[in-house]
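This report concerns only the one structure given below.
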Amino acid sequence: MIEFIEGPLWTFSLVVFCVGVIWRLFSIVRAGIKTDRAPVKNSGAASGFKSIFSHSIPRRETMKASPLVIIAGYMFHIGLLILLFWAAPHIRFFEEELLGFGWTPAPYWLFMLAAALALTGSIMLIIRRLVDPVLQKISTADDYTGALITFMVMLTGCLALQESWAGLRAFHMLWVEILMVYFPFSRLMHAFTFAFSRAYSGAMFGRRGVGA
Amino acid sequence: MNTNKLSDRASSAEQHILSRIDSRIASFFSSCVHCGMCAEACHFYKETGDPKYTPIYKLEPMRKIWKHHHTFWGKLFGTLGWSTLPDEQMLEDWQELVYDSCTLCSRCSLVCPVGNDIAYMVRQQREGFSAAGFAPEGLKGASERSIELGSPMGVTATTLLATIKHQEKECGIPIPVDQQGSDYLVLLSSLEIVGFPEYIGAIARIFKQADISWTISTKGFEATNSGIQIGNSEIAREIVERVVNAAESLGVKAVISPECGHAYTSIRWDAPNLLGRELPFKVIHILELLHELQSQGKLKTVGTFDTPLTYHDPCSIARKGGVIKEPRDLLNQVSSDFREMTPTGEMNWCCGGGGGVSAIDEAEELRFKAFHRKSEQVNKLGVKVLVTACANCRNTIEEGLENYEMDVEVVGLTELIAGQLESAG
Ligand code: SF4
Ligand code: SF4
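So the sequence lines, in the order shown, correspond to chains S and Z.
For the record, in the first sequence the residue sitting at position 19 is 192 according to our numbering, with numbers rising by one throughout.
For the record, in the second sequence the residue sitting at position 47 is 89 according to our numbering, with numbers rising by one throughout.
Here is the structure:
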């Protein structure tokens, strides 16, 4: 079972993930966009590119309007990024299985902090989704499925870190594979498409002389 | 849930909306994480607390169409006959959300963490709604009058000429009409011609002082565009074409968009795209021109207006047009006590009447509710004068103030400046 999870199932998930993501991104680009013929106030390309990053910082008004979701969102995303790219076992995995090179992992305390942030953040977001009338109105099954899978990936990952039992690592890997297969078919795609949506809007607002 | 068999109206809406789903919209739906932050940005949600006014929820019909045609699950379910494409009932239910409760103000578009331009999506979704006939009577009527009579309020060239004559008498300055070879063509909104004709006299005085060659065209004077509001690009193109033709035949160097928000959107940003070609003249908002005159030292005013006042940013001019600094520089020249609302500029709260909402009778109650935001902002400042630069905002605000029994005067910025001109004595 462990061999299957770490062998063929991993390869399968990786292929589904890569092909799926590329297909989704391609289908967005394929939908096409008409060139804007109106004379611009600022460069659309520059504003769009800038917006991919600058839009990560909310405006003061937005911060005031939705503090909870912004804080929980930051906690979850920052925690997740640290776990994904700076946890020692992940770097070892990237080096040995995927890339052929590694980098300095986060110290243990940072790992623990990241795990705490990510898990608490995601619990806060899930609770909010359950109780907030606006979120009840707009949430779909996909929102819950995606959140739950991501949560399980993080939870099993923390357990696996103890490395006391190989089965735990495989269990974590299994959840990662579920996530990777589900990813291209879901809203989890925002991890890639956010750059597109921010750039498109940023370009539009930028051309009109407004900072998005 | 319905099967794939949609009625003619529903499939007409589907086809029109589908044709509007470009890379932008496809990326927006792919990115939306259903976080609900857009709700906090929308005055209709904030003032009613009703989750159905959440901006992204207003796009459910379009999302379903996107899902059906652009995603794996949608295609799979469609093949199995479990399509969830919007039927007539859904379109009817959503008409209020798509029109009455969205002023296309774009505030939500700036707030969305993944950068979804929700206002753009609503605007595109309206194409399908209007094509299938699910549009408010008020907007249908305005569009028809625009096409048949040349103005959404039925203002004709005869009415225009009468107003011009009257204004000439008031300000004692001849107002050039259909003058070939002028530098600037001044556009108007019919609301100005009918309700706020002082605007015409104001520019006559300012332009005389600054020695500007300008004219008004009887063939293309109406700057507002009901086609954009109802979401019908064909109508929008026809309306904008009149103005462009008039400008071209007069050979002007620039066209001046009036104190009207969506007129600026129409002629400045949409016209070249609707017509599919670049325009041979510049398009400039009256505030941008006044600002230019100010920096050239050609806007000579005396004294200051001392009553405390505030400025309402018309969404289409500020958040959607980038004209934010100009009105402030101008106000600081003529006013000694200009107070900013919070939030302001690109994050201003909409008056509640944009995007055609002011023309929808049945939306009146909701519009007054949404106006509560603005009334509170004004109350906090304690000012008795509110300046703005859009005839539609002005009208909406006047009605809103009256509804909340507030004693605040609403003034157009151009008129305020004209009143302080050196030559005005
Ligand atoms: S703010 Fe943006 S991501 Fe969040 S629900 Fe609204 S449209 Fe979706
Ligand atoms: S554009 Fe304005 S009115 Fe429309 S949904 Fe967004 S915030 Fe609300």
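Think of the CB as a built atom: it goes at the ideal place given N, C-alpha and C, for glycine as much as any other residue.
Measuring CA to CA, which of the options is closest to residue i?
| i | options | result |
| --- | --- | --- |
| Z/LEU48 | Z/THR90, Z/CYS150, Z/LEU133 and Z/HIS208 | Z/LEU133 |
| S/PHE378 | Z/LYS100, Z/HIS85, Z/ASP159 and Z/TYR353 | Z/ASP159 |
| Z/ASN390 | Z/THR430, Z/VAL425, Z/CYS77 and Z/GLN222 | Z/THR430 |
| Z/ILE298 | Z/GLN271, Z/GLU276 and Z/LEU230 | Z/LEU230 |
| Z/PRO178 | Z/GLU89, Z/VAL140 and Z/GLN167 | Z/VAL140 |
| S/CYS331 | S/TRP276, S/ALA261 and S/ASP315 | S/ALA261 |
| Z/SER54 | Z/LYS250, Z/MET104, Z/CYS80 and Z/PRO300 | Z/MET104 |
| S/GLU234 | Z/SER65, Z/LEU331, Z/CYS154 and Z/LEU122 | Z/CYS154 |
| Z/PHE86 | Z/LEU423, Z/LEU203, Z/ARG415 and Z/LYS367 | Z/ARG415 |
| Z/GLY293 | Z/LEU341, Z/ALA433 and Z/LEU227 | Z/LEU227 |
| Z/GLY364 | Z/THR386, Z/LEU335, Z/ILE98 and Z/SER185 | Z/THR386 |
| Z/LEU443 | Z/LEU321, Z/VAL286 and Z/ALA412 | Z/ALA412 |
| S/PHE185 | S/LEU347, S/TRP259, S/ALA368 and S/PHE267 | S/LEU347 |
For the alpha helix (DSSP H) that residue i lies in, which residues bound it at each end?
| i | result |
| --- | --- |
| Z/ILE281 | 275–292 |
| Z/HIS354 | From DSSP, Z/HIS354 is part of no alpha helix (DSSP H) but of the beta strand (DSSP E) over 351–354. |
| S/SER374 | 363–380 |
| Z/TYR241 | 240–252 |
| Z/LEU227 | Run containing Z/LEU227: none in the alpha helix (DSSP H); it sits in the beta strand (DSSP E), 226–228. |
| Z/TRP108 | 102–112 |
| S/GLY319 | 314–334 |
| S/ALA287 | 281–304 |
| Z/PRO128 | Where Z/PRO128 is concerned, there is no enclosing alpha helix (DSSP H), given that its DSSP letter is neither H nor E. |
| Z/GLY442 | 433–445 |
| Z/LEU146 | Per DSSP, Z/LEU146 belongs to no alpha helix (DSSP H) and is neither H nor E. |
| Z/MET389 | Looking at the DSSP string, Z/MET389 is not in any alpha helix (DSSP H), and its letter there is neither H nor E. |
| Z/LYS261 | Here Z/LYS261 belongs to no alpha helix (DSSP H), and DSSP marks it neither H nor E. |
Residue i by DSSP, collapsed to three states: which one?
| i | result |
| --- | --- |
| S/HIS228 | coil |
| Z/VAL197 | coil |
| Z/ILE272 | helix |
| Z/LYS416 | helix |
| Z/VAL425 | coil |
| Z/ALA52 | helix |
| Z/HIS472 | With chain Z represented from 43 up to 467, any question about residue 472 of chain Z goes unanswered, as that position is not in the structure. |
| Z/VAL399 | helix |
| Z/GLU138 | helix |
| S/PHE190 | helix |
| Z/LEU463 | strand |
| Z/PHE347 | strand |
| Z/LYS362 | coil |
| Z/ARG319 | coil |
| Z/ASN44 | Since pLDDT at Z/ASN44 reaches only 46, below the 50 mark, its modelled position is unreliable, and no value is offered. |
| Z/THR266 | coil |
| Z/VAL219 | strand |
| S/ILE178 | helix |
| Z/THR430 | strand |
If the cut is a Cβ gap below 9 Å, which residues of chain S does residue i touch?
| i | result |
| --- | --- |
| Z/TYR99 | VAL307, LYS310 and ILE311 |
| Z/VAL153 | PRO231, ARG232, GLU234, THR235, ALA238 and SER239 |
Cβ closer than 7 Å: which chain S residues qualify as neighbours of residue i?
| i | result |
| --- | --- |
| Z/GLU320 | ARG210 |
| Z/HIS85 | Per Cβ cutoff of 7 Å: no residues; Z/HIS85 is ~12 Å from chain S at best. |
| Z/VAL75 | ARG360 and HIS363 |
| Z/GLY363 | ARG381 |
| Z/GLY78 | ASP305, VAL307, LEU308 and ILE311 |
| Z/ARG370 | The contacting residues do not exist; Z/ARG370 stays about 15 Å from chain S at best. |
| Z/GLU388 | VAL383 |
| Z/VAL156 | HIS363, PHE367, SER370 and ARG371 |
Check the Cβ of residue i against every Cβ in chain S and list those closer than 8 Å, keeping chain order.
| i | result |
| --- | --- |
| Z/ALA81 | VAL307 |
| Z/ASP64 | ALA204, GLY205, ILE206 and LYS207 |
| Z/PRO93 | PRO306, VAL307, GLN309, LYS310 and ILE311 |
| Z/GLU264 | Going along chain S, no residue has its Cβ under 8 Å from Z/GLU264, so there is no contact; the nearest lies around 20 Å. |
Along the chain, where does the beta strand (DSSP E) that runs through residue i open and close?
| i | result |
| --- | --- |
| Z/HIS327 | 324–327 |
| Z/GLU451 | 451–454 |
| Z/VAL297 | 296–299 |
Check the Cβ of residue i against every Cβ in chain Z and list those closer than 8 Å, keeping chain order.
| i | result |
| --- | --- |
| S/LYS214 | GLY364 |
| S/ARG197 | SER72 |
| S/GLY375 | GLY157 |
Just the chain Z side, please: which residues come within less than 7 Å of residue i by C-beta, in chain order?
| i | result |
| --- | --- |
| S/THR366 | SER69, SER72 and SER73 |
| S/VAL242 | CYS77 and MET79 |
Check your understanding: Do the stretch 335–347 of chain Z and the stretch 258–274 of chain Z touch if we need at least three Cβ pairs shorter than 8 Å?
Key -> These segments do not touch.
Check your understanding: Just checking, does the stretch 370–377 of chain Z make contact with the stretch 144–151 of chain Z on the three C-beta pairs under 8 Å criterion?
Key -> With a cut-off of 8 Å, the stretch 144–151 of chain Z and the stretch 370–377 of chain Z do not count as touching, because too few Cβ pairs lie within range.
Point to revise | Cβ contact check for the stretch 274–283 of chain Z and the stretch 305–319 of chain Z: 3 or more pairs under 8 Å | key: Touching, per the Cβ criterion.
Check your understanding: Are the stretch 323–333 of chain Z and the stretch 390–403 of chain Z in contact at 8 Å, needing three or more beta carbon pairs?
Key -> The answer is no - the stretch 390–403 of chain Z does not touch the stretch 323–333 of chain Z, with fewer than three Cβ pairs under 8 Å.
**Study point:** Cβ pair count under 8 Å reaching 3, the stretch 281–296 of chain S against the stretch 310–319 of chain S
**Key:** Counting Cβ pairs under 8 Å, fewer than three are found: no touch.
Check your understanding: Would you say the stretch 212–222 of chain S touches the stretch 55–68 of chain Z, given that touching needs at least three Cβ pairs under 8 Å?
Key -> With a cut-off of 8 Å on Cβ pairs, the stretch 212–222 of chain S is not in contact with the stretch 55–68 of chain Z, counting fewer than three such pairs.
Point to revise | Segment contact, 8 Å Cβ cut-off, at least three pairs: the stretch 345–362 of chain S with the stretch 66–86 of chain Z | key: Touching, yes.
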